[in-house]
Each structure stands twice: as C-alpha cells, then as structure tokens.
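Input: a single structure, listed below in structure tokens.
Protein chains in written order, with the numbering used here: chain D, 1 to 323; chain L, 1001 to 1323.
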C-alpha cells in the first residue's frame, strides 16, 4: 500500500521507545514503556509485543499497515538470525531469539542492529547527516559509541565491531585504563566520566584559582556538565580540561576524516549538550590533524535528533522490506 | 559470451602495465610499455590505445572478447566522467578525458579509479584479502597510500579522499612536516624516506655502536632497506628505528581495526619487502592498541600480489559491466 508505515523501537536498559514513521521519515506516533529487566529480561520482548498490539488497536491499524519493524538493541547482535546476547543492562546474558518472537507474534517483517549503529542511521537519514552516503556518528554519553555509514552502507566489520569509536586509541602512552582492558581509549577521556577523569588528572598539576579544582581537591562530586558550565563561565582550569578533551576528540575525529572522508562527522550524546562551545574546539584540532582535501570537505557537526535518533534509525532498518 | 575477458591497466609515471584476465581473476596475458610523459602527457592515452590494438591483433582478439577495461591512475579522478587531473608524475595538469578517448577508440566499456584504490581492490580480490567484504590495504613506498573496502564496497568519501592512510596523524605533537602541509602524518615516518627520517632523528640521541648510525653521522646515504637489513642482522640502533616505525604503523593499523573491524589489513609496497620481520612488529603494537573483539578477528597480513595488484584490481573495476 502506498501509505504503509515503518515502526522503530529503541530498546534501552530503562525504557523502550517506539515510533511510527512514514516512509519519508516523518514521526506520526511516539510512545515509550519502561523496560522490565527482572527474571533475566524475559518480560522485555512480550512487553514490547503487548505495547505494539495495544497501540495498533488504539490507532485502528493492522499488520498490513506496516512495511516492517526495526529495532536498535544493546549487546551483541546477530543480524541475520535476529538474536541478541550479552546485553547486560537488559539482563540478557543468554541468546534471545528476538526476531523469531516478534515476527511470530506480530506477523510483520523484523530487522535488528545495535543501538549505536541505529542512532547513526537516524542522524544520517533525518538529522545532521542530510541523508548523505558517507556519515560518521559519535555519541558521547556514559560511554563513547558510534556508527559509520560509508558509500550508503552501515559498516559492521567482520564480527560486528566496526564503529567502536570509543575504543580508538588516542593516548598511546600512559593512557587511562579502559573497561575494554586496553589503555588510552577515546572513551576514557571523552565520555561523561572521562571528562571528569581528565579533570582529576590535570588538577594534580594545576596551581591557579578554580572552583572546579577546589571541588575536586575537596573530594566533592563533579560532573562533566559542571566542568563545561564552569569553562563557559571562564574558569581557567575547566577551560584547560575542556581543551584537553577536545584535543582527544579532535584527533579521533580528524583520523576518521583522513581515513573515510565522510561529508559529515556528527557528534551527539549527553556530553554534546555543551553545543557549539564543544564543537568549535573539536573543529580546531580537526583542522590541525586533517590534510587539506579532508579539512575542506568533511564537516564536524552537532547531532540534531537528540533521543529520537534511535527510533528513527531503527525504523529506517525496516526500509529494506520495501518492495 | 561465456569466456569474455577483463583488461586491466595500471598507469604509472614510468610504465603502464597491462593484463588480460578471466572473469575469475586469472591473468592470461601481461605486458607493459614505457610512459611517455613529454608534451604534457598527451601521448600517454594514444600510446595505450595503440598497445592494446597491437596486442589484441597479436592474440587474435576483438572488442567483443572483452567485458570491459579498468584503469588505475595517479591524480584526482572523476570516476563518473572518467577524467583525470593533477597527475603530476604524468605531466597531466589539465583535465584528461581518458574514458572518452578510450571508449571512442576501442569500443569497450571503460572504468577508472585511483591507483592506490585499484591496488587495494587487487589484493582484496586475488591476494591476501581472500575476496572478503571488509579489507584495508596499505602501501608503504615512496609515499604511503591505501584503499578501504567495507561491506564489499570501495570507499571514496565525499571528494574521493577516503583511504588516504598516509595522512593519518600518528604523532600529534612535534611530528615531522609532511608534503601535505600538516605534521605527524604516517607517511612522514613509514614511507621509504620516512624510515630514514626516523633514523636521522633517533641518531641524535643514540650513543652506542651501530653501522647505520656511523653512516648517518658520516653524512652517507642510507636507505630504508639498509636499515631493515641492519636490524635483521642485529644492529641495536637499526632495531630501535624499526621498532619506532612499527609503533607508528601499529597505531594507525590498530585504529583502522577499531573503526572498521576489517577481516584483513594488508601491508604492501616496497618497505613491506622486509616481510614477516616487519609484520610481526606491527602486530605487536596492533595487539596493544586494539580492543579484544578486533584483536581476535582482524588480521594483519603481508600483501601477496606485488606489482600485479594494480592490473588485477584495475581489471576488477570492469566487472561492473558484467550483465
């Protein structure tokens, strides 16, 4: 049918977000439910199915109104089988046959990919990526993740580890230890906790006046937002911390530019709420670490979709079912 | 026809290499001519056309025996228009309508891409890349170049600058000045001249006995090969130089792994003649700078096709004309 819809699901450890989209990418309905991770996460998929059934009935829609359903999920995804394993914030430690459950219950074709990749697809399709064929997305949140679209294709790599921008080594010597087991990962210095980690490290050598430095010395809790706010207000120490974070981000983003020459490298996630103040400082190092052709053609941008990137990108996965 | 062939051309500043291949990638005929770059390179394409006509007549073949012709060229390529500009080692400073000239003279469909990309396609198809969908190729020669194949597609980027691995920044602070105008590029430390540059730099601080260090101190000319040969023979200073070069290469290759998770990262070019001695040292740093999933799934390999990579990859471009 000409006016069939896409259904996107962005599954997280706290909530599952849903959206019904037109094929052109316009959100027509949006809702969310809490994620019940009890009992090894076995309620998650049934809750999602119930919620979809309820909403379809509410909107007077049937399975025939949908081209397909797309989902972004944490964990290790087998896209072909449609399974998830090792999604610890969902308590999914064993193999979950999500596609099989969804398709047999709802009768709508189903596609799944990992949550960072799906957010990248969303920003590329309807956000800062302007639907260009070459777009890289970086999300700075509790961790640092990302997704790479090149020549119009989302990259997965040989075991699905492509786009793990958080684990690019930006400090090869004496870098911080990362949760992944190696040292010097971008995530250790550019995630929300990474920014604070850089502040603690630099505070050891900083002698001047600074509210942030005083808080750290007092053992008070300081957040990434506190540091960016203080920097914006002119705190010299906070500015030094932000500059160091942007140096690492700029180096990573520049080398993505040098390797892939995307039209757009899009920065999202909680830390990117610092906005243009962050972006322009990343741009400064991007300019220093890229060669001319890339410096002139690859743009460093802020994300535009916020929390909607996930559902929009998830919905876009279902476009593969368009005949 | 079932037994139609591909014709590959690898155009360089000294010679143009040709090969006739089966659709399965087997070389059936191979020849080369000298590149005449006089008169602003205006003889180059006519010489290529003459050579192909001569060979086809020699082999009793006609245009109908060919699916298409593919070419790898230096310079800035417009793939769609089939033109080349800015290929200074060919004296091609103005726009060259290569596709138009070739197709109107020979009547065989023609496709063109840049030489490093084409070599990457060759190693991916018939060499160390084992025809996998995700393969990165790095060539260490006079410069450092490369090509990236991801999800089965050769990456070009928004202005064709993707795969410029030589300009990845590996030394963000106090790096050597590169011909591209920025500092700290991989090419400044891992090309043939880059290896010698690293030796000169390290020689300033090295106090022990070393044949290589003595030659440098005497102002004698030392090549990359001299340094690798001395390192293999146990020269402590040469070993230090090789280790530093492999640290930079390992860092760049590791971050390609962290971003793209290819099945294979293939190292070719003149410097890679050092063989397993080089590869194992790059692997050491690759292991240090990659996270577990990538370390376990992405392989660092030596190229297998040598000079044939170019003609084989060029021929593979013409597979797009298979109906």
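Quick reminder that beta carbons are idealized off the backbone N, C-alpha and C, glycines included.
Burial state of residue i (16 or more Cβ within 10 Å)
| i | result |
| --- | --- |
| residue 1285 of chain L | buried |
| residue 59 of chain D | exposed |
| residue 201 of chain D | exposed |
| residue 115 of chain D | buried |
| residue 1028 of chain L | exposed |
| residue 53 of chain D | exposed |
| residue 164 of chain D | buried |
| residue 333 of chain D | Residue 333 of chain D lies beyond the stretch modelled for chain D, which goes from 1 to 323, so this question has no answer here. |
Pair within 8 Å by beta-carbon distance, residue i and residue j
| i | j | result |
| --- | --- | --- |
| residue 1212 of chain L | residue 1176 of chain L | no |
| residue 140 of chain D | residue 312 of chain D | no |
| residue 1208 of chain L | residue 260 of chain D | no |
| residue 1072 of chain L | residue 1303 of chain L | no |
| residue 282 of chain D | residue 250 of chain D | yes |
| residue 1008 of chain L | residue 1021 of chain L | yes |
| residue 272 of chain D | residue 299 of chain D | no |
| residue 1310 of chain L | residue 1118 of chain L | yes |
| residue 1154 of chain L | residue 1070 of chain L | no |
| residue 89 of chain D | residue 13 of chain D | yes |
| residue 217 of chain D | residue 203 of chain D | yes |
| residue 1150 of chain L | residue 1134 of chain L | yes |
Closer than 8 Å to chain D by CB, residue i
| i | result |
| --- | --- |
| residue 1153 of chain L | yes |
| residue 1054 of chain L | no |
| residue 1074 of chain L | no |
| residue 1134 of chain L | yes |
| residue 1190 of chain L | no |
| residue 1085 of chain L | no |
| residue 1283 of chain L | no |
Cα-Cα separation, residue i to residue j
| i | j | result |
| --- | --- | --- |
| residue 1297 of chain L | residue 1101 of chain L | 45 Å |
| residue 195 of chain D | residue 290 of chain D | 24 Å |
| residue 1323 of chain L | residue 111 of chain D | 31 Å |
| residue 1068 of chain L | residue 1084 of chain L | 19 Å |
| residue 1066 of chain L | residue 1004 of chain L | 5 Å |
| residue 1186 of chain L | residue 1145 of chain L | 10 Å |
| residue 1086 of chain L | residue 1040 of chain L | 11 Å |
| residue 1214 of chain L | residue 1231 of chain L | 14 Å |
| residue 76 of chain D | residue 161 of chain D | 9 Å |
| residue 306 of chain D | residue 15 of chain D | 15 Å |
| residue 1170 of chain L | residue 172 of chain D | 10 Å |
| residue 80 of chain D | residue 64 of chain D | 23 Å |
| residue 1036 of chain L | residue 1044 of chain L | 6 Å |
| residue 244 of chain D | residue 198 of chain D | 8 Å |
| residue 221 of chain D | residue 242 of chain D | 17 Å |
| residue 1318 of chain L | residue 136 of chain D | 30 Å |
| residue 18 of chain D | residue 10 of chain D | 7 Å |
| residue 1294 of chain L | residue 189 of chain D | 21 Å |
| residue 1049 of chain L | residue 1320 of chain L | 21 Å |
Simplified DSSP state of residue i, which is helix, strand or coil
| i | result |
| --- | --- |
| residue 1015 of chain L | strand |
| residue 1169 of chain L | strand |
| residue 61 of chain D | coil |
| residue 150 of chain D | strand |
| residue 1313 of chain L | helix |
| residue 144 of chain D | strand |
| residue 1037 of chain L | coil |
| residue 114 of chain D | strand |
Cutoff 8 Å: residue i Cβ touching any chain L Cβ
| i | result |
| --- | --- |
| residue 297 of chain D | yes |
| residue 137 of chain D | no |
| residue 263 of chain D | yes |
| residue 162 of chain D | yes |
| residue 182 of chain D | yes |
| residue 309 of chain D | no |
| residue 121 of chain D | no |
| residue 140 of chain D | no |
| residue 345 of chain D | Given that chain D is displayed from residue 1 to residue 323, the structure contains no residue 345 of chain D and the question cannot be resolved. |
| residue 118 of chain D | no |
Closer than 7 Å: residue i CB and nearest the ligand SAM heavy atom
| i | result |
| --- | --- |
| residue 72 of chain D | This structure lacks the ligand SAM; in fact it carries no ligand of any kind. |
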